[in-house]
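The block underneath contains the structure these notes are about, expressed in structure tokens.
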Amino acid sequence: MRKLSDQFQLGERVLAALREARVTVWMTAQSANGQSLAVVVPRPDAERARSVLASELAQELSRHEVEPLEVRQPVTLLTLVAEAMGHGVNVAGRFFSALGAVGVNVRASAQGASSRSLSCVVDAADTAIAARTTHAAFNLAHQQVSLFVLGRGTVGGQLLAQLRAQQALLKDRHGIALRVVGLADSRRALFDASGLSLDGLEARLEGVAPEPPETRTLVPLLDALRRLPVPILVDCTAAGGLETLYTEAFTRGIHVVAANKKPLALPWEAREALVDTARRNHVAYHYETTVAASLPVIDTLASLVRTGDSVRLITASLSGSLGFICNELTAGVPLSRAVRAARERGYTEPDPREDLSGTDVARKALILARELGLPLSLSDVALEPFVTTDACASVDSFFQVLATKDAAYAERVARCRQSGTVLRYLARIDPSKAGTGTPVIRVGTVGVEAGHPAADLRGSESFVSFTTTRHSDFPLTVRGAGAGGAVTASGVLADILKISQTLRGR
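Just so we're aligned, residue 1 is where the sequence shown starts under full-length UniProt numbering, counting upward by one.
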């Protein structure tokens with residue numbers, strides 16, 4: 001009811017009339033200026049309550065001093081009871097923020113005089129999600145995290161395997177219940193808001209009828225995902241064009257964890273718009289694994305910048321696959337065999353030409369440079385390919401061409417050995433070159449001497465070295481496995497858990 005001309009008298013009359021009619025009142029809520037009053041009653045009493053109030057306020061209704069009575073049903077009264085609520089910090093804020101984050105509309109609210117309880121009215125359809133969300137917000141139960149995984153290839157498959165192995169431990173020891181509610185590849189999608197069993201999940205997806213690319217959309221599934229506790233879209237693909245889906249997720253309050261570099265290598269303005277959309281919608285966009293698998297490179301760089309350090313130079317071996325290939329070449333393995341071995345181990349992109357062209361390293365270097373606020377694009381990278389990837393119709397035909405280059409690369413390795421150097425493929429980012437006309441980012445093959453951080457890299461190891469104002473004499477170096485589905489998937493899982501832990505700490 002609105003337009004209450006005598007708010008105090010009318011409020012008393014409403015409650016008195018309902019009491020006289022023996023209608024149970026569960027909650028009342030009146031606006032600060034007295035212009036609206038909501039009364040919550042049991043559903044069986046709703047029509048009787050409406051009739052009683054229509055009779056009691058007949059004169060005011062006829063003079064339009066009171067707007068027509070509105071009955072909203074079915075609804076649920078959700079009450080949070082806490083012994084120390086009156087002394088707690090931001091309890092009401094956490095309560096309502098958590099509900100708002102999952103799209104639950106609060107129709108009315110009230111707090112008990114003792115400050116031990118806080119109640120709100122939500123639509124009955126939102127009962128389950130409102131209760132789950134409240135439990136999670138106040139750590140009253142295991143925190144549920146809802147995952148929609150894109151991709152079931154090398155990284156996606158390993159992530160599902162790690163979730164199978166870790167689910168029970170994370171729930172029992174850390175109070176985090178990770179649920180995969182969706183899995184999609186380029187042609188099919190499975191979704192179940194109550195959670196998908198991880199046993200045989202990939203096989204069940206294979207049994208779904210494929211959708212034509214021109215009509216396929218995942219947006220309706222995002223609408224379902226946003227209604228679940230801690231919704232996260234997990235991109236384990238290397239597909240282009242997913243920035244639109246990211247934006248749809250962000251605007252729905254869905255977090256994104258991505259191992260996909262391509263959205264971050266868009267033109268500067270598009271990349272900034274993407275990151276800003278996440279920021280404005282107060283959701284996380286984590287992409288640690290886009291640079292060096294599970295190595296904490298982006299987090300380390302962000303910490304340096306945020307604490308006021310100045311980055312003077314970044315030197316890095318950003319391709320575990322090319323590092324592996326260089327080591328194989330040094331050991332006398334022919335180029336074509338080394339590349340095939342890297343692919344079989346899951347070190348390369350699905351199309352190894354991405355690695356050998358240097359484009360993959362260029363994207364990674366660009367992502368790092370942009371973390372410094374440098375408005376650069378891929379075209380600004382001075383790029384020397386590791387192997388000139390001749391135009392080939394397929395990956396198989398490319399391997400046939402690659403075999404013709406074996407002798408040339410064996411000779412190149414021999415020259416390095418004679419000069420006392422080791423063949424490596426490195427990226428160099430020099431922020432001081434910005435605006436000088438000299439490339440800030442250089443990517444290419446070099447021979448490094450003993451003592452260089454890259455000289456003794458083994459297998460698919462990567463390293464990133466930060467020379468800064470505070471770390472000038474002894475650069476800060478991050479080193480470890482830089483390729484492989486299992487390693488990358490563990491980094492994706494770490495990003496997922498980072499979101500969960502951050503939300504639990506609110």
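Virtual Cβ for every residue (Gly too), placed ideally from N, Cα, C.
Tell me whether residue i is buried or exposed, calling it buried when 16 or more other Cβ atoms sit within 10 Å of its Cβ.
i    : result
L69  : exposed
G491 : buried
F148 : buried
Q501 : exposed
R417 : exposed
E461 : buried
T348 : buried
V381 : buried
V180 : buried
E371 : buried
D276 : exposed
D473 : exposed
P352 : buried
Assuming residue i is part of the beta strand (DSSP E), what are its boundary residues?
i    : result
D235 : 231 to 235
D123 : 117 to 123
E461 : 461 to 468
H255 : 255 to 258
V91  : Premise fails: V91 lies in the alpha helix (DSSP H), 91 to 101, not in any beta strand (DSSP E).
V422 : 421 to 429
G480 : 476 to 481
F191 : 189 to 191
R216 : That residue, R216, is in no beta strand (DSSP E); it is neither H nor E in DSSP.
T317 : The question names Thr, yet the displayed sequence has Ser at residue 317. First-last of the beta strand (DSSP E) with S317: 311 to 317.
V401 : From DSSP, V401 is part of no beta strand (DSSP E) but of the alpha helix (DSSP H) over 395 to 402.
Could you spell out the range, first to last residue, of the alpha helix (DSSP H) harbouring residue i?
i    : result
Q144 : Q144 -> not in any alpha helix (DSSP H); beta strand (DSSP E) instead, spanning 143 to 150.
Q162 : 154 to 174
T438 : Unbroken run through T438: none, as it is neither H nor E.
Q30  : Per DSSP, Q30 belongs to no alpha helix (DSSP H); it is in the beta strand (DSSP E), 27 to 30.
V52  : 46 to 56
R412 : 406 to 418
T133 : 127 to 137
R337 : 335 to 344
Roughly how many whole angstroms lie between the Cα atoms of residue i and residue j?
i    : j    : result
R343 : A165 : 25 Å
P296 : V478 : 7 Å
I232 : E65  : 48 Å
G153 : A203 : 13 Å
S310 : P375 : 17 Å
V102 : H282 : 12 Å
A489 : A98  : 29 Å
R306 : T468 : 13 Å
R63  : L53  : 15 Å
L493 : L198 : 15 Å
F466 : R442 : 15 Å
A315 : F386 : Rather than Ala, the amino acid found at residue 315 in this sequence is Thr. Rounded to the nearest angstrom, the two C-alpha atoms are 17 Å apart.
F96  : V230 : 15 Å
G151 : A258 : 11 Å
A331 : F324 : 11 Å
A49  : L10  : 15 Å
R506 : V464 : Any reading at R506 needs caution, since the residue's pLDDT is 42, under 50, leaving its predicted position unreliable; the model's value is listed next. So the two alpha carbons sit approximately 33 Å from each other.
E449 : T421 : 5 Å
L80  : G100 : 16 Å
L15  : L503 : 41 Å
L322 : Y425 : 7 Å
Please list, in chain order, all residues of the same chain as residue i whose beta carbon is under 6 Å from its beta carbon, the five residues on each side excluded.
i    : result
P42  : T24
R252 : L222, R226
V256 : L233, Y246, A249, Y285
G320 : Y347, S460, S462, G482, A483
L383 : G358, A362, V443
Within the 8 Å Cβ cut-off, does residue i reach chain C?
i    : result
V478 : Judged by its chain identifiers, the structure shown contains no chain C, having just a single protein chain.
Apart from the five residues on each side of it in sequence, which residues of its chain come closer than 8 Å, Cβ to Cβ, to residue i?
i    : result
R107 : A38, R72, V75, C120, V121, V122, D123
A92  : Q111, L118
L78  : S119, C120, V121, V122, T127, A130, A131, T134
L170 : I176, A177, L178, L497
I367 : K261, L264, A265, Y287, T290, V291, I298
Q162 : A486, A489, S490, L493
Within the same chain, show all residues whose beta-carbon is closer than 7 Å to that of residue i, passing over the 5 residues directly before and after it, in chain order.
i    : result
L329 : L335, A338, Y409, V413, L423
D45  : V23, T24
R13  : E56
A184 : L150, L218
L433 : Here residue 433 turns out to be Lys, not Leu, going by the sequence shown. Contacts found: P439, V440.
Would you say residue i touches the ligand MN, meaning its beta carbon is less than 7 Å from a heavy atom?
i    : result
D495 : With respect to the ligand MN, the structure shown offers nothing to examine, as it has no ligands at all.
Per the contact definition of three or more C-beta pairs closer than 8 Å, is the segment 442 to 462 in contact with the segment 192 to 199?
no
With three or more beta-carbon pairs closer than 8 Å as the criterion, would you say the segment 397 to 405 touches the segment 285 to 301?
Result no; under three Cβ-Cβ pairs closer than 8 Å.
With a cut-off of 8 Å, do at least 3 Cβ pairs link the segment 238 to 251 to the segment 118 to 135?
The segment 238 to 251, when compared against the segment 118 to 135, does not touch it at the 8 Å Cβ threshold.
Should the segment 404 to 411 be regarded as contacting the segment 323 to 338, the criterion being three or more beta carbon pairs within less than 8 Å?
yes
Okay, do the segment 347 to 356 and the segment 427 to 443 touch, 3+ Cβ pairs below 8 Å being the bar?
no
Evaluate the contact criterion for the segment 257 to 270 versus the segment 298 to 307: three or more CB pairs, one atom per stretch, below 8 Å.
no
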